[in-house]
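Enquirer:
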Amino acid sequence: MEDKKHDVILLISKWCEECVPADNAWKRLLAERDNFNYRSLDVSEPEGRRLSIELYIRSVPSTVIDGKLSFVGIPTKEEASELLDLS
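The numbering of the sequence shown is this note's numbering, which starts it at 848 and goes up by one.
Take a look at the structure:
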């Protein structure tokens, strides 16, 4: 596995039912892999709003890896792992 630590941000919203399983998928993967940092940001908060505007994100949950929009929707753990491998 690479030494590089990826930066993974999941953009969420408090009202978003799909955001919970997306957050859980990334947390399960984080328990198995140590090559990424993970956090979620609410788009109603200033930092989340800034990032969503900067990347033209119109839907949550959206996954940003290393500053690039990488996935929209609920990734499976396998999809999330593959996203890290491709980044």
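We treat Cβ as the ideally placed atom computed from N, Cα and C, and that holds for glycine.
Determine the direct distance from the alpha carbon of E894 to that of L930, and round the result to whole angstroms.
Expert: Their Cα atoms are separated by approximately 23 Å.
Enquirer: Buried or exposed: which applies to V855, given that a residue is buried once 16 or more other Cβ atoms fall within 10 Å of its Cβ?
Expert: With 16 or more other Cβ atoms from the protein chains shown falling within 10 Å of its own Cβ, V855 counts as buried.
Enquirer: Does L933 come out as helix, strand or coil in the three-state DSSP assignment?
Expert: helix
Enquirer: Mind pulling the alpha helix (DSSP H) runs of 4 or more residues that sit fully within the segment 854-922?
Expert: 866-879 and 893-901
Enquirer: In its own chain, which residues sit with a C-beta less than 7 Å from the C-beta of L916, not counting the 5 before and 5 after it?
Expert: L902, I904 and S909
Enquirer: Buried or exposed: A878, going by 16 or more other Cβ atoms within 10 Å of its Cβ?
Expert: exposed
Enquirer: So what's K852 in DSSP terms, helix, strand or just coil?
Expert: coil
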